[in-house]
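>
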Amino acid sequence: MTKTLQNKLLLLFLLCRWLLLWRYGGIYLDMDVVVTRPLSALPNCTGLESEQWAAAGVLKFSPSHPLIHSCLTYFAQHFDGQVWGANGPELMTQVLIDK
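This is the structure:
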């Protein structure tokens, strides 16, 4: 698989994550997340990567949530397929700061 194709697939995956969560709501978890307690009682929320960074690998939001809409807008304006985290933790952190 070429690097160009990998970048296009990454873009598609990342865009689908934000679009599906905005349209339908629900829970998105990265494959390396281990859940030890039920998530049902949590309100709209995101996890933390560290003390400085919000996570985009742990997301729970209702349909059409304004924060996810802001994430989609930020994604469209700042997509960077070359930097790890630019479209995940960095995106979510910046959107939260801007709110």
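At position 22 of the sequence shown (counting the first as 1) the number is 22 in the UniProt record's numbering, and the numbers step up by one without a gap. For each residue, glycine too, the CB sits at the ideal point set by N, CA and C. Treat the numbers as computed from the prediction; the structure is a model and nothing was measured.
To the nearest angstrom, report how far apart L55 and M1 are at their CA atoms.
Correcting the residue type first, residue 55 is Ala in the shown sequence and not Leu. Taking the straight line from one Cα to the other gives about 28 Å.
> Between which two residues does the beta strand (DSSP E) holding residue 101 run?
Nothing about residue 101 can be reported from this structure: the residues present for the chain run from 1 to 99 only.
> Going by beta carbon distance, what residues of the same chain come within less than 8 Å of I27, once the five residues before and after it are set aside?
L39, L59 and K60
> Hey, how far is the Cα of E90 from the Cα of L67?
Each residue's Cα considered, the two are about 14 Å apart.
> Provide the residue span of the alpha helix (DSSP H) that contains T46, from first to last.
Not the alpha helix (DSSP H): T46 falls in the beta strand (DSSP E), residues C45 to L48.
> C16 to Y24, Cα distance in whole Å?
12 Å
> Would you mind giving the Cβ-Cβ distance between L14 and L72, rounded to the nearest angstrom? I have them listed as a contact below 8 Å.
Their Cβ separation, rounded to whole angstroms, is 11 Å, which puts L14 and L72 out of contact at 8 Å.
> For A86, I'd like the list of residues in its chain whose CB is within less than 6 Å of its CB, leaving aside the five on either flank, ordered along the chain.
Exclusion of the five residues before and after A86 leaves D80 as the residues of its chain whose Cβ lies within less than 6 Å of its Cβ.
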